[in-house]
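Enquirer:
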Ligand SMILES: [Zn+2]
Ligand SMILES: [Zn+2]
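Numbering (the working numbering), first residue to last: 12 to 469.
1) Hey, quick one: how far does the alpha helix (DSSP H) through residue 136 stretch, first residue to last?
2) Give me the Cβ distance between residue 347 and residue 378, rounded to the nearest whole Å; I'm assuming they're in contact under 8 angstroms.
3) In this structure, does DSSP put residue 114 in helix, strand or coil?
4) Let me confirm a value: residue 251 is counted as buried when at least 16 other C-beta atoms fall within 10 Å, else exposed. Which label applies?
5) Beta carbon of residue 410: closer than 7 angstroms to some heavy atom of ligand 2?
6) Checking 8 angstroms against the spacing of the C-beta atoms, do residue 372 and residue 256 come in under that value?
7) Need the endpoints of the beta strand (DSSP E) that residue 241 sits in, please.
8) Does the beta-carbon of residue 511 have 16 or more other beta-carbons within 10 angstroms, so that it is buried, or is it exposed?
9) Cα separation between residue 163 and residue 33?
10) Closer than 8 angstroms is the cut-off here; do at least three beta carbon pairs connect the segment 402–411 with the segment 237–248?
11) Tell me whether residue 28 sits in a helix, a strand or coil according to DSSP, three-state version.
12) Using C-beta distances below 6 angstroms, list every residue in its chain close to residue 445, excluding the 5 sequence neighbours before and after it, in chain order.
13) In angstroms with no decimal places, state the Cα-to-Cα distance between residue 277 and residue 96.
14) Under three-state DSSP, which class holds residue 23?
15) Regarding residue 316 and ligand 1, is the C-beta to nearest heavy atom distance less than 7 angstroms?
16) Identify whether residue 174 lies in helix, strand or coil by the three-state DSSP scheme.
17) Hey, residue 463 and residue 86 are a contact pair by Cβ (cut 8 angstroms); roughly how many whole angstroms apart?
18) Would the beta-carbon of residue 71 be found less than 7 angstroms away from any heavy atom of ligand 1?
19) Who are the near neighbours of residue 189 in its chain, counting only those whose CB is closer than 6 angstroms to its CB and skipping five residues on each side?
20) With DSSP run on the structure shown, which of helix, strand or coil describes residue 381?
21) Is residue 26 near ligand 4, in the sense that its beta carbon is under 7 angstroms from a heavy atom of that ligand?
22) Per DSSP, residue 432 forms a beta bridge with which residues?
23) Using a threshold of 7 angstroms, is the CB atom of residue 202 nearer than that to any non-hydrogen atom of ligand 1?
24) Roughly how many angstroms separate the alpha carbons of residue 229 and residue 78, rounded to a whole number?
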């Protein structure tokens, strides 16, 4: 068995790995780098060769796991692509949106390599996407195996608790069990319930390390964080502030809507207008459609009906007047240039009566990361096309991460005690914390930080 890391650097970046087992090449995720542009944003797909891939597993529909899939599929014409049914529906929306974003970047910023794929590439590729059930062994082609049926390589998907449809995969081949986590959360969120990962022995575990560089503050509980968030929202809205909450369109937006619904129901929050973007709305429709058939909390909750958010879509969305006492839950989560959250922030940053609430991770180099690191009065450039602005609005941070804490990931690895542990999806400091901690807690296991582009035996 062999493994190669197809990302270009050790970082959160564009997730993509290849496992070779029983003579089959299996690609695990095929993401696009959120910060890089053009070909640089792709994983190192040249290392795979033409038509050499047998199957692709997609852990979930976030851009950093999915974004390069159509490019891969163009070169790998016989590969089947396996994922959950929810991921299949969400991926379709995400990839078509991605084509639109790339076309706009070509127009606005002159990135001539864009679009890296077209709407037609997405449509033709989607014909090879297979939905697999959770906790049922499937063949490489995505067919359910009958009891006693044997295959050289089998896939079994396990709920990962990160967003709707997210799953890890247990691959059995050559008498070994290899488990790839994708992005995981071992704690309950408002909608997503905690991961239900395999508890049986695993020989090789490939696991994400996103939060490896941050210890959970002592005494932290999600419940207390929710109470603090509800209180903060209430005080700002009561004094007439508009509250901007930058959110990822997929996952964070729906969790936030569910949380706002709960606050309203418990009387912790007045009923005020909530605004979300067009992409977020389409994705929320899938959450609602699959509410009773997907594993989650509150299967009866229809977000678009119960929270009734207003939708900001179309070219004029960015110029919508900002109203008093309203909540704007807009993407992107990191406030990337030219997105709704970036445009709204530019109009709010200088006024002390407005509020900006962060609820999750932001890359330190992103506009959201810059605001988080700044102090009141600091000059901030949210978009290089505009002059720097003084930070005057009210900024608060809350932690509702969709990723597992490092303590809970460590506890899972220690419990399973795989012979080999491959650390992925983390910045160098995060990976290093896991490497050091695991070498002490599991001295009999081999801990591997896979160097990009280097194929090795596992
Ligand atoms: Zn994710
Ligand atoms: Zn990720």
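Yeah, the Cβ is synthetic: ideal placement off N, Cα and C, and Gly gets one too. Values in this document were obtained by computation on a predicted structure and should not be read as measured data.
Expert: From the atom records:
1) Membership of residue 136 in the alpha helix (DSSP H) is indicated by the continuous run 130–137.
2) 7 angstroms
3) Reduced to three states, the DSSP call for residue 114 is helix.
4) exposed
5) no
6) No. Outside cutoff.
7) Unbroken run through residue 241 is the alpha helix (DSSP H), 233–249; no beta strand (DSSP E).
8) The structure shown does not extend to residue 511, since the chain spans only 12 to 469, so no value can be given for it.
9) 6 angstroms
10) yes
11) strand
12) 220, 223, 434
13) 33 angstroms
14) If DSSP states are grouped into helix, strand and coil, residue 23 belongs with coil.
15) no
16) coil
17) At roughly 19 angstroms, the Cβ-Cβ gap does not stay under 8 angstroms, so residue 463 and residue 86 are not in contact.
18) Flag set: Cβ of residue 71 near ligand 1.
19) 182, 215
20) helix
21) The model depicted lacks ligand 4 and carries ligand 1 and ligand 2 instead.
22) Partner(s): 216, 458.
23) Remark: the shortest separation between the CB of residue 202 and any heavy atom of ligand 1 does not fall under 7 angstroms.
24) 36 angstroms
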